[in-house]
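Peer 1: After the structure tokens below, expect a handful of questions from me.
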Amino acid sequence: MRKPALLAVLVLVGAMSFLWWRSLSQGSDATDQLAQRGFAVTSGAAPGYVEDRACSLCHADLARSYQQVAMAKSFYRPSAAKAIEDFSSFPFFHQPSGRHYEIERSGDEYTFRRYLLDESGRKVHQFERRIDWILGSGNHSRTYLYRTPGGELYQLPLAWYGDTDSPPGEPAGHWGMAPGYDRPDHQGVTRRVRRECMFCHNAYPDVEAGSDAYNSPQTFPADLPEGLGCQRCHGPGAEHAREALAGARGERARASIINPSRLAPERSRDLCYSCHMQPTVILMGVRRFGRADYSFLPGESLSDYQLLVDVDIEGHERSERFEINHHPYRLEQSRCFIASGGELSCLTCHDPHRKVPAARRAEHFRQACLSCHQLDDCGLEKMTGTAVDSTDCVACHMPKRRAQDVVQAVITDHRIRLQPGGGELTAPAAETDPVIRGIELTRLHGQAAGADAELYRALSAVRAGMGGAAITALEAQIGERSPTSLTPYLDLARAQLVARRYTAAEAVLDRILAIDPDHRRASDWKALCRAALGEPLAAIDLLHRSVASEPGRPEGWFNLGRILFGLGRHVESIGAFERAIELRPNHAVSHHYLARSLEALGRTQAAENHRRRTLEIDPSFAGTQAGPRELSTRTDRTAKE
């Protein structure tokens, strides 16, 4: 090629390259700039969130240091790079339930196994499943989840607990039963993970609008974010990324993102409190009517999104209750917090972007104390008569303590004490079932619940399963206030179904269907009422319509199969149970009834396969004859939808 022609080609290529670069950095369509760089942006239920790697383009140092913070490691896929467990100590035997557990790691894959041993020492009823997700950083604990074809997440019974004080050379942790499992009759492999849990353990997923509404199916896409990320505190970042890529600087760039340090103190605390202010783990705070799970945004009042619920527990004074997620709950009981007028906050001691190295923690937190106190303020040496290390304020005034809800975890108590505690704070403890004696709504930043306070309180009592008195109180509140939201009516109908008050439940459901004739949940539950009241054909008709319009919900298929089974229509019931199992393979009751239906048709080998599968999922399955209570209303605290 002649030199003039070559020069012309080079000029053309250079011009095209410049135009391409300018289109990326200053193009008129900023949305294309994100797409061209391969950054996905969410829509639907939580719109405007961009992948966190977009943040690292401008904030590389913060993004890098944040990866060491527990919030960044709150939820993730198993991988060899993130493995911290000791896999050499299996099998783990849980004596109360008589079950053995193992987790095997091969490369990036974790495999869970649970089995029993028969009289000859042979493994029986073995359940094996690949672990899809790990929940928890491992600083204190991490648990293991798997996903069904229908999109449901389930927790496995085994957990890894971090032991920060392990001797050198020893594993920095130990295996134990996950919280709530250290008992003979635990939930095994069928404890559901709900959106309320995921709200605090992960960034918002990209899901359809409305799919995170109360009473929507508790399902999750196969592709989920990993960790809480940047935008749970800074708000949806897509617009900010577009502005930055377009060259925006100064006020224009700052206006497109939330900086929590510039918020009013109450709003800044609300960001931390949205996950860490949990007065009790046994009863989640109740969402305001009309608020979906993924709708909370930085900068708004937490009280406009959620009402915090506190409880009285038999045998535990509130001032001495201590749970694993009690950081601000305990801090707000401290004299230091009260005297500060609310100026003392999480950010006084914690930088959300950086993990303080272990060797520097004592001095780091000491400096936070010295922002208000003087060195000679410490009178512990005079009070106790023993030498005190004045360089480590936290060791005495915020000692580690065993959590009452996660009894294998020892964590820092954020109630600032005048006098240090002793060995009683970390003494071993057994799991117990708390008995709720009373419920109240907590005032957050002095803001009350509003005119519907008693309605929300009655609703909380019903969700806590407090029985007939709670149902009566909710009935009275609905009758008095006639709320426009369908949420309290659905909770009331569910509670009435559990209490076998089918006529009352049907009246409430008819009220819902009069407002929304296509309400699938109300229609499903009306079918249960019809079946329980002796009209199975009407129930079948309702359920046929339900599974036709929403075929991805296993409850509808199971309930249809159960009613068909009761009528002896086994060919039809087999199809319904098979569909339920396809969506929810770990539903032992579906396998049980499918086995019985197959057996009724003489298909003994297929029946035996499903009978065996029933016991693999739930070795304690009794296989008793089913009454109406066996229909799938999904009412327990961990599995309700």
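Positions -4 to 636 (the numbering used here) are the ones given, in order, by the sequence shown.
Think of the CB as a built atom: it goes at the ideal place given N, C-alpha and C, for glycine as much as any other residue.
All values derive from a computational prediction rather than experimental measurement.
At 4 residues or longer, and completely inside the segment 387 to 453: list those alpha helix (DSSP H) runs for me, N to C.
Peer 2: Listed in chain order, they are 388 to 392.
Peer 1: Please name the residue, chosen from P179, L258, D288 and Q182, that lies closest to V202 on a Cα-to-Cα basis.
Peer 2: Against the sequence shown, residue 202 aligns to sequence position 207. Answer by Cα proximity: D288.
Peer 1: Quick check on DSSP: helix, strand or coil for Y156?
Peer 2: To locate residue 156, count along the sequence shown from 1; it is residue 161. Correct three-state label for Y156: strand.
Peer 1: Give me the residue from L339, A198 and H322 with the minimum Cα distance to F291.
Peer 2: Against the sequence shown, residue 291 aligns to sequence position 296. For F291, the nearest C-alpha among the options comes from A198.
Peer 1: What number of angstroms, rounded off, separates the C-alpha of G445 from the C-alpha of P323?
Peer 2: The count along the sequence shown starts at 1 and reaches residue 445 at position 450. The count along the sequence shown starts at 1 and reaches residue 323 at position 328. Rounded to the nearest angstrom, the two C-alpha atoms are 23 Å apart.
Peer 1: Per DSSP, Y139 is paired with what?
Peer 2: What you label residue 139 is simply residue 144 of the sequence shown in a count that begins at 1. DSSP lists I129 as partners of Y139.
Peer 1: Can you list the beta strand (DSSP E) stretches of 3 or more residues lying completely in the segment 524 to 563, in chain order?
Peer 2: You should have found no qualifying run.
Peer 1: Is the Cβ-Cβ distance between V45 and A236 less than 9 Å?
Peer 2: Position 50 of the sequence shown holds residue 45. Position 241 of the sequence shown holds residue 236. Yes, these two residues count as a Cβ contact at 9 Å.
Peer 1: Would you be able to state if there are at least three C-beta pairs under 8 Å between the segment 331 to 342 and the segment 418 to 434?
Peer 2: Judged by Cβ distances under 8 Å, the segment 418 to 434 makes no contact with the segment 331 to 342, as fewer than three pairs qualify.
Peer 1: Work out the CA separation of I569 and L596 for me, nearest whole Å.
Peer 2: Locating residue 596 in the sequence shown gives position 601, where the first residue counts as 1. Locating residue 569 in the sequence shown gives position 574, where the first residue counts as 1. In a straight line, the C-alpha of L596 is about 10 Å away from that of I569.
Peer 1: With DSSP as the reference, please indicate the residues paired to K118 in a beta bridge.
Peer 2: By 1-based counting over the sequence shown, the position of residue 118 is 123. Per DSSP, L112.
Peer 1: So, is I333 buried or exposed, given that buried needs 16 or more other C-beta atoms within 10 angstroms?
Peer 2: The residue given as residue 333 occupies position 338 in the sequence shown. Label assigned to I333: exposed.
Peer 1: Between which two residues does the alpha helix (DSSP H) holding E603 run?
Peer 2: Counting from 1 along the sequence shown, the entry for residue 603 is found at position 608. Its alpha helix (DSSP H) spans residues T599 to I612.
Peer 1: Is the segment 511 to 528 close to the segment 478 to 489, with three or more CB pairs under 8 Å?
Peer 2: Taking 8 Å as the limit for Cβ pairs, the verdict is that the segment 478 to 489 does touch the segment 511 to 528.
Peer 1: Quick one: Cα of P42 to Cα of L439, how far?
Peer 2: The residue given as residue 42 occupies position 47 in the sequence shown. The residue given as residue 439 occupies position 444 in the sequence shown. When rounded, the distance between both Cα atoms is 28 Å.
Peer 1: Measure the alpha-carbon distance for P212 versus D384 and round it to whole angstroms.
Peer 2: For the purposes of this step, residue 212 is taken as residue 217 along the sequence shown, with counting starting at 1. For the purposes of this step, residue 384 is taken as residue 389 along the sequence shown, with counting starting at 1. The straight-line gap from Cα to Cα measures roughly 54 Å.
Peer 1: To which residues of the same chain is L559 closer than 8 Å at the C-beta, ignoring the five residues directly before and after it?
Peer 2: By 1-based counting over the sequence shown, the position of residue 559 is 564. So the qualifying residues of the chain are I535, H565, E567, S568 and A571.
Peer 1: By the three-class DSSP mapping on this structure, what secondary structure does Q150 have?
Peer 2: Numbered from its first residue, the sequence shown carries residue 150 at position 155. Here Q150 sits in strand by DSSP.
Peer 1: Between L130 and R137, which are expected to be in contact by the criterion C-beta below 8 Å, what is the C-beta distance as a whole number of angstroms?
Peer 2: In the sequence shown, residue 130 corresponds to position 135, counting from 1. In the sequence shown, residue 137 corresponds to position 142, counting from 1. So it is a contact: roughly 7 Å between Cβ atoms.
Peer 1: How about P73: is its C-beta nearer than 9 Å to some C-beta of chain B?
Peer 2: Among the chains of the structure shown, chain B does not appear; only one protein chain is present.
Peer 1: State yes or no: is the C-beta of E309 within less than 9 Å of the C-beta of T275?
Peer 2: For the purposes of this step, residue 309 is taken as residue 314 along the sequence shown, with counting starting at 1. For the purposes of this step, residue 275 is taken as residue 280 along the sequence shown, with counting starting at 1. It is not a contact, given that the beta carbons lie outside the stated cut-off.
Peer 1: Put K68 into one of helix, strand or coil per three-state DSSP.
Peer 2: As a working note, residue 68 is residue 73 in the sequence shown. Helix at K68.
Peer 1: So what's L57 in DSSP terms, helix, strand or just coil?
Peer 2: Position 62 of the sequence shown, counted from the start, is the residue given in the question as residue 57. Three-state result, L57: helix.
Peer 1: Could you spell out where the beta strand (DSSP E) holding R330 opens and where it closes?
Peer 2: Here residue 330 refers to the residue found at position 335 of the sequence shown. Here R330 belongs to no beta strand (DSSP E); instead the alpha helix (DSSP H) covers R330 to A334.
Peer 1: Grab me the residues of M66's own chain with a C-beta within less than 6 Å of its C-beta, minus the 5 sequence neighbours each way, in chain order.
Peer 2: In the sequence shown, the residue the question calls residue 66 occupies position 71. Cβ neighbours of M66 beyond the five flanking positions: L223.
Peer 1: Look at the alpha carbon of C367 and the alpha carbon of Y96, and state the distance between them as a whole number of angstroms.
Peer 2: Taking the first residue of the sequence shown as position 1, residue 367 is located at position 372. Taking the first residue of the sequence shown as position 1, residue 96 is located at position 101. About 50 Å.
Peer 1: Are D305 and T437 touching if we call contact CB-CB under 9 Å?
Peer 2: Counting from 1 along the sequence shown, the entry for residue 305 is found at position 310. Counting from 1 along the sequence shown, the entry for residue 437 is found at position 442. Yes, these two residues count as a Cβ contact at 9 Å.
Peer 1: Is the distance from the Cβ of V184 to the Cβ of F122 below 9 Å?
Peer 2: Along the sequence shown, read from residue 1 onward, the residue named residue 184 stands at position 189. Along the sequence shown, read from residue 1 onward, the residue named residue 122 stands at position 127. Yes; because the gap between Cβ atoms is below 9 Å, this pair is in contact.
Peer 1: Flag this pair as yes or no: are the beta carbons of H169 and D81 separated by less than 9 Å?
Peer 2: Locating residue 169 in the sequence shown gives position 174, where the first residue counts as 1. Locating residue 81 in the sequence shown gives position 86, where the first residue counts as 1. Against a cut-off of 9 Å, the Cβ pair of D81 and H169 comes out as a contact.
Peer 1: Please classify Q600 as buried or exposed, where buried requires at least 16 neighbouring CB atoms within 10 angstroms.
Peer 2: Residue 600 sits at position 605 when you count from the first residue of the sequence shown. Classification for Q600: exposed.
Peer 1: Can you check which of these residues, L504, C50 and I406, is closest to N134 by C-alpha distance?
Peer 2: Looking up residue 134 in the sequence shown gives position 139. Comparing Cα-Cα distances from N134 to each of L504, C50 and I406, the minimum goes to I406.
Peer 1: Enumerate in chain order the residues of its own chain whose CB-to-CB distance from D24 is below 8 Å, with the five nearest sequence positions on each side excluded.
Peer 2: Position 29 of the sequence shown, counting from 1, holds the residue named residue 24. Residue confidence for D24 is low, a pLDDT of 49 falling below 50, so the modelled location carries little weight and cannot support an answer.
Peer 1: Can you tell which of R591, H196 and G157 has its C-alpha closest to the C-alpha of E221?
Peer 2: Counted from its first residue, the sequence shown places residue 221 at position 226. The shortest Cα separation from E221 among R591, H196 and G157 belongs to H196.
Peer 1: Is V304 helix, strand or coil by DSSP?
Peer 2: Locating residue 304 in the sequence shown gives position 309, counting from the first residue. The answer is strand: DSSP assigns V304 an E or B state.
Peer 1: Shorter than 8 Å, the distance from the beta carbon of V457 to the closest heavy atom of the ligand GTP, or not?
Peer 2: Although the ligand GTP was asked about, the structure shown includes no ligands whatsoever.
Peer 1: If I measure Cβ to Cβ from H586 and keep anything under 6 Å in the same chain, skipping five residues before and after, which residues do I get?
Peer 2: As a working mapping, residue 586 is identified with position 591 in the sequence shown. Closer than 6 Å at Cβ, skipping near neighbours: H605, R608 and T609.
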